[in-house]
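> Okay, handing you the structure first.
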Amino acid sequence: MEFIHGIVNSINNVLWSYVLIVILIGLGLWFTVSTNFVQVRMLPEMLRVLTTGTSTKPKSKEVSTFQAFCISAASRVGVGNIAGVAIAIALGGPGAVFWMWVIALIGAATGFIESTLAQIYKIPKADGLFHGGPAYYIENGLGQPKVARLFAVLLTVTFGLIYNSVQANTIADAFHNSFAIPQETTGLVLALAVGIIIFGGVNRVASIAGYLLPFMAGLYLFIALAVILLHIDRVPAMFALIFHDAFQPQAAVSGGLIAVILTGVKRGLFSNEAGEGSVPNAAATAATSHPVKQGLVQSFGVFVDTWLVCSATAFIILLSGQYTVGGELTGVKLAQASLAANFGDIASTLLAFLIFLFAFSSLISNYTYGEINQSHFGSHPKLAIVIYRLCVVGMVFFGCIAKLSFVWDMADLFMGFLCMTNLYAISRLAKYAIAALGDYLGQKAAGIKEPEFDPNILPDEHSIYAWQKENKL
Numbered sequence: 016m017e018f019i020h021g022i023v024n025s026i027n028n029v030l031w032s033y034v035l036i037v038i039l040i041g042l043g044l045w046f047t048v049s050t051n052f053v054q055v056r057m058l059p060e061m062l063r064v065l066t067t068g069t070s071t072k073p074k075s076k077e078v079s080t081f082q083a084f085c086i087s088a089a090s091r092v093g094v095g096n097i098a099g100v101a102i103a104i105a106l107g108g109p110g111a112v113f114w115m116w117v118i119a120l121i122g123a124a125t126g127f128i129e130s131t132l133a134q135i136y137k138i139p140k141a142d143g144l145f146h147g148g149p150a151y152y153i154e155n156g157l158g159q160p161k162v163a164r165l166f167a168v169l170l171t172v173t174f175g176l177i178y179n180s181v182q183a184n185t186i187a188d189a190f191h192n193s194f195a196i197p198q199e200t201t202g203l204v205l206a207l208a209v210g211i212i213i214f215g216g217v218n219r220v221a222s223i224a225g226y227l228l229p230f231m232a233g234l235y236l237f238i239a240l241a242v243i244l245l246h247i248d249r250v251p252a253m254f255a256l257i258f259h260d261a262f263q264p265q266a267a268v269s270g271g272l273i274a275v276i277l278t279g280v281k282r283g284l285f286s287n288e289a290g291e292g293s294v295p296n297a298a299a300t301a302a303t304s305h306p307v308k309q310g311l312v313q314s315f316g317v318f319v320d321t322w323l324v325c326s327a328t329a330f331i332i333l334l335s336g337q338y339t340v341g342g343e344l345t346g347v348k349l350a351q352a353s354l355a356a357n358f359g360d361i362a363s364t365l366l367a368f369l370i371f372l373f374a375f376s377s378l379i380s381n382y383t384y385g386e387i388n389q390s391h392f393g394s395h396p397k398l399a400i401v402i403y404r405l406c407v408v409g410m411v412f413f414g415c416i417a418k419l420s421f422v423w424d425m426a427d428l429f430m431g432f433l434c435m436t437n438l439y440a441i442s443r444l445a446k447y448a449i450a451a452l453g454d455y456l457g458q459k460a461a462g463i464k465e466p467e468f469d470p471n472i473l474p475d476e477h478s479i480y481a482w483q484k485e486n487k488l
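Written as structure tokens, this is what we have:
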């Protein structure tokens with residue numbers, strides 16, 4: 016087992032430290048230029064579409080634009096937004112935060128492309144539901160069903176099973192450390208709660224995420240705001256330190272400027288998931304009048320994850336002054352010490368509660384990605400969904416009682432292959448998302464407040480099913 020673990024680690028080091036970072040940044044810059052900086056110039060439109068979605072009640076079992084955003088954001092916003100940012104600061108110093116912001120700006124363009132493509136190639140289901148994502152645009156857009164099936168397997172195993180076991184493990188550890196609750200007890204309760212929700216299907220997950228995410232993110236941002244107000248006099252110096260260390264890192268940073276950049280870039284990429292192919296699965300479920308709307312909303316989701324939630328963690332740590340670059344205090348322990356410096360012993364209980372909210376929202380949203388891809392598993396999708404749900408519940412319990420260092424590394428490996436597959440697809444299909452953007456902007460310029468999509472404007476209408484007249488809402 017140790018031998019296999021060593022091989023996995025070696026592959027991950029090359030894949031994530033060099034290959035994927037170069038490809039993700041390169042494609043992100045290409046998409047940014049190709050869309051004329053869509054993530055910047057259309058920010059007001061992103062907010063308009065998102066806020067309009069919050070007041071729109073879905074028909075039947077439809078998933079609204081806002082609910083689809085909440086599913087994807089709930090998956091994005093996990094314990095990595097707390098522990099991961101703390102690790103980035105401990106390893107790369109305050110300057111890593113700046114590069115985290117930069118990669119989010121670039122990644123937002125990638126997020127727009129992949130989520131717009133997911134909408135274009137989504138498949139209509141019963142009761143106003145839609146399914147879609149990379150497996151669907153790989154099969155229907157590129158005409159490569161075997162590659163699509165490979166992606167579906169990688170996504171289902173990585174998010175639905177492995178990542179969910181890791182999230183469950185984090186909850187069990189937090190409750191054991193704070194309240195001395197046995198991991199087995201947490202596992203049973205958590206597995207039951209997850210089972211009740213996921214056996215209700217995607218629409219129930221969307222409904223839960225729609226309520227949980229605003230509360231969860233709002234609470235965490237409120238705590239960060241409280242810390243900022245407590246140390247308002249230090250805020251200018253904090254920003255000065257972030258920008259200074261981004262280009263002139265502290266001596267304690269092993270590897271110098273390159274290490275600072277890589278640390279920030281990797282943290283940003285892992286957190287906002289732009290290009291990984293996970294978010295498009297949620298984006299495709301939305302019932303909307305034009306694919307670009309969901310592309311814009313999911314692009315905005317990159318900013319929410321990194322510029323708001325990750326930044327909240329960074330500000331709490333930097334303003335509290337509990338970190339030491341290159342020190343042993345890192346991860347959740349560093350975040351906990353930073354909160355304790357402001358709020359006393361209640362911080363342990365507070366952080367356990369926050370970890371539960373972050374991890375539980377990720378549990379139910381990660382499940383959704385697997386369900387959406389079940390049509391790629393044989394001729395009995397309903398049976399496959401039942402088996403998958405049982406496996407998810409089982410892995411939640413297993414995750415609470417297991418040691419998962421090897422599973423984490425395997426998940427990183429699967430995620431690497433997932434990224435490579437998705438990036439290959441969106442690089443070839445990007446022209447369709449760009450054409451859809453041109454159509455959307457053209458309709459807006461003509462005075463149409465809510466543009467409607469006609470697949471005839473695309474260079475090729477092949478295998479675009481949901482937008483045909485007989486299937487449109």
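Adding 15 to a residue's 1-based position in the sequence shown gives its number in our numbering.
No residue lacks a Cβ here, since even glycine has one placed at the ideal position from N, Cα and C.
(1) Under 8 Å, with one C-beta from each stretch per pair, do the region 119 to 133 and the region 439 to 458 reach the 3-pair mark?
(2) Which partner residues does residue 78 have in the DSSP bridge list?
(3) Give, in chain order, every unbroken run of the alpha helix (DSSP H) that is at least 4 residues long and sits entirely within the region 384 to 455.
(4) Please list, in chain order, all residues of the same chain as residue 282 whose beta carbon is under 7 Å from its beta carbon, the five residues on each side excluded.
(5) Measure the CB-CB distance between residue 96 and residue 415 and report whether it falls below 8 Å.
(6) Residue 294 and residue 32: beta carbons closer than 8 Å?
(7) Give the secondary structure of residue 191 by DSSP, where H, G and I count as helix, E and B as strand, and everything else as coil.
(8) From the DSSP output, which residues share a beta bridge with residue 146?
(9) Can you grab the Cα-Cα spacing for the pair residue 378 / residue 183, in whole Å?
(10) In the DSSP assignment, find the alpha helix (DSSP H) that holds residue 311 and state where it starts and stops.
(11) Identify, in the order they occur along the chain, each residue of the same chain with its Cβ nearer than 7 Å to the Cβ of residue 138, setting aside the five sequence neighbours on each side.
(12) Are the beta-carbon atoms belonging to residue 272 and residue 23 less than 8 Å from one another?
(13) For residue 109, tell me which candidate among 119, 322 and 253 has the shortest Cα-Cα distance.
(14) Considering only residues of the same chain and omitting the five flanking positions on each side of residue 455, which have a CB-CB separation below 7 Å?
(15) Just to confirm before moving on: does the CB-CB distance between residue 264 and residue 280 stay below 8 Å?
(16) Consult DSSP for residue 464 and reduce its assignment to one of helix, strand or coil.
(17) Tell me whether residue 471 is buried or exposed, calling it buried when 16 or more other Cβ atoms sit within 10 Å of its Cβ.
(18) Starting from residue 209, trace the alpha helix (DSSP H) in both directions and tell me its first and last residue.
(19) Roughly how far, in whole angstroms, is the beta-carbon of residue 176 from the beta-carbon of residue 401, given that I think they are within contact range, below 8 Å?
(20) Would residue 83 and residue 297 be called neighbours here (beta carbons separated by less than 8 Å)?
(21) Out of 167, 201 and 337, which one is the CA nearest neighbour of residue 436?
(22) Identify, in the order they occur along the chain, each residue of the same chain with its Cβ nearer than 7 Å to the Cβ of residue 353, setting aside the five sequence neighbours on each side.
(23) Taking one C-beta from the region 367 to 376 and one from the region 239 to 246 each time, how about it: are there three or more such pairs within less than 8 Å?
(24) Are the region 40 to 58 and the region 119 to 127 touching by the rule of at least three beta carbon pairs closer than 8 Å?
(25) Measuring CA to CA, which of 26, 447, 364 and 170 is closest to residue 291?
(26) Got a sec, what are the start and stop residues for the alpha helix (DSSP H) residue 26 sits in?
(27) Considering Cα atoms alone, identify which of 438, 248, 258 and 362 is closest to residue 235.
(28) According to DSSP, is residue 49 helix, strand or coil?
(29) So residue 107 and residue 339 are in contact, right, with Cβ under 8 Å, and what is the actual spacing, rounded?
(30) Say the cut is 7 Å; is the CB of residue 260 nearer than that to a heavy atom of the ligand FAD?
(31) Would DSSP call residue 291 helix, strand or coil?
(32) Within the same chain, show all residues whose beta-carbon is closer than 6 Å to that of residue 303, passing over the 5 residues directly before and after it, in chain order.
(33) When we look at the beta-carbon of residue 7 and count the other beta-carbons within 10 Å, is it buried (16 or more) or exposed?
(34) Compute the Euclidean distance between the alpha carbons of residue 65 and residue 458, then round it to the nearest angstrom.
(35) For residue 360, is the classification buried or exposed, using 16 other Cβ atoms within 10 angstroms of its Cβ as the cut-off for buried?
Quick answer:
(1) yes
(2) Looking up residue 78 in the sequence shown gives position 63. 301, per the DSSP bridge assignment.
(3) 396 to 416
(4) For the purposes of this step, residue 282 is identified with residue 267 of the sequence shown, where counting begins at 1. Hits under 7 Å: 99, 100, 103, 111 and 115.
(5) Here residue 96 corresponds to residue number 81 of the sequence shown, with the count starting at 1. Here residue 415 corresponds to residue number 400 of the sequence shown, with the count starting at 1. No, the pair does not count as a contact, with Cβ atoms beyond the cut-off.
(6) As a working note, residue 294 is residue 279 in the sequence shown. As a working note, residue 32 is residue 17 in the sequence shown. Cβ distance not < 8 Å, so residue 294 and residue 32 don't count as in contact.
(7) Translated into positions along the sequence shown, residue 191 becomes position 176. Residue 191: helix per DSSP, three-state reduction.
(8) By 1-based counting over the sequence shown, the position of residue 146 is 131. Note: residue 146 sits in a beta bridge opposite 138.
(9) For the purposes of this step, residue 378 is identified with residue 363 of the sequence shown, where counting begins at 1. For the purposes of this step, residue 183 is identified with residue 168 of the sequence shown, where counting begins at 1. In a straight line, the C-alpha of residue 378 is about 8 Å away from that of residue 183.
(10) Looking up residue 311 in the sequence shown gives position 296. Residues 306 to 318.
(11) For this step, residue 138 is matched to residue 123 along the sequence shown. So the qualifying residues of the chain are 145, 146, 147, 151, 480 and 481.
(12) Reading the sequence shown from its first residue, position 257 is the one you call residue 272. Reading the sequence shown from its first residue, position 8 is the one you call residue 23. No, these two residues do not count as a Cβ contact at 8 Å.
(13) To locate residue 109, count along the sequence shown from 1; it is residue 94. Out of 119, 322 and 253, 253 has the C-alpha closest to the C-alpha of residue 109.
(14) Your numbering for residue 455 matches position 440 in the sequence shown. Within the same chain, residue 455 has close Cβ partners 305, 307 and 466.
(15) In the sequence shown, residue 264 corresponds to position 249, counting from 1. In the sequence shown, residue 280 corresponds to position 265, counting from 1. The answer is no: Cβ separation not under 8 Å.
(16) Taking the first residue of the sequence shown as 1, we reach residue 464 at position 449. Residue 464: coil per DSSP, three-state reduction.
(17) Working through the sequence shown from its first residue, we reach residue 471 at position 456. Residue 471 comes out exposed.
(18) In the sequence shown, residue 209 corresponds to position 194, counting from 1. Segment 198 to 213, the alpha helix (DSSP H) holding residue 209.
(19) The count along the sequence shown starts at 1 and reaches residue 176 at position 161. The count along the sequence shown starts at 1 and reaches residue 401 at position 386. Contact doesn't hold; Cβ gap of about 15 Å is too wide.
(20) Within the sequence shown, numbered from 1, the residue matching residue 83 stands at position 68. Within the sequence shown, numbered from 1, the residue matching residue 297 stands at position 282. Contact flag set, yes.
(21) As a position in the sequence shown, residue 436 is number 421, starting the count at 1. For residue 436, the nearest C-alpha among the options comes from 167.
(22) To locate residue 353, count along the sequence shown from 1; it is residue 338. So the list reads 331, 332, 335 and 337, once near-sequence residues are dropped.
(23) no
(24) yes
(25) Walking along the sequence shown from the start, residue 291 turns up at place 276. If we check each option's Cα against that of residue 291, 170 comes out closest.
(26) Within the sequence shown, residue 26 is the residue found at index 11, counting from 1. That run of the alpha helix (DSSP H) goes 17 to 29.
(27) The count along the sequence shown starts at 1 and reaches residue 235 at position 220. For the residues 438, 248, 258 and 362, the minimum Cα distance to residue 235 belongs to 362.
(28) Residue 49 sits at position 34 when you count from the first residue of the sequence shown. The answer is helix: DSSP assigns residue 49 an H, G or I state.
(29) Reading the sequence shown from its first residue, position 92 is the one you call residue 107. Reading the sequence shown from its first residue, position 324 is the one you call residue 339. About 13 Å separates the two Cβ atoms, so there is no contact after all.
(30) The ligand FAD is absent from the structure shown, which contains no ligand whatsoever.
(31) Here residue 291 corresponds to residue number 276 of the sequence shown, with the count starting at 1. Coil.
(32) Mapped onto the sequence shown, residue 303 falls at position 288. Here the set comprises 80 and 309.
(33) Since the first residue shown for the chain is 16 and the last is 488, residue 7 is missing from the structure and cannot be characterised.
(34) Here residue 65 refers to the residue found at position 50 when the sequence shown is read from its first residue. Here residue 458 refers to the residue found at position 443 when the sequence shown is read from its first residue. About 19 Å.
(35) Your numbering for residue 360 matches position 345 in the sequence shown. By the 10 Å Cβ count, residue 360 comes out exposed.
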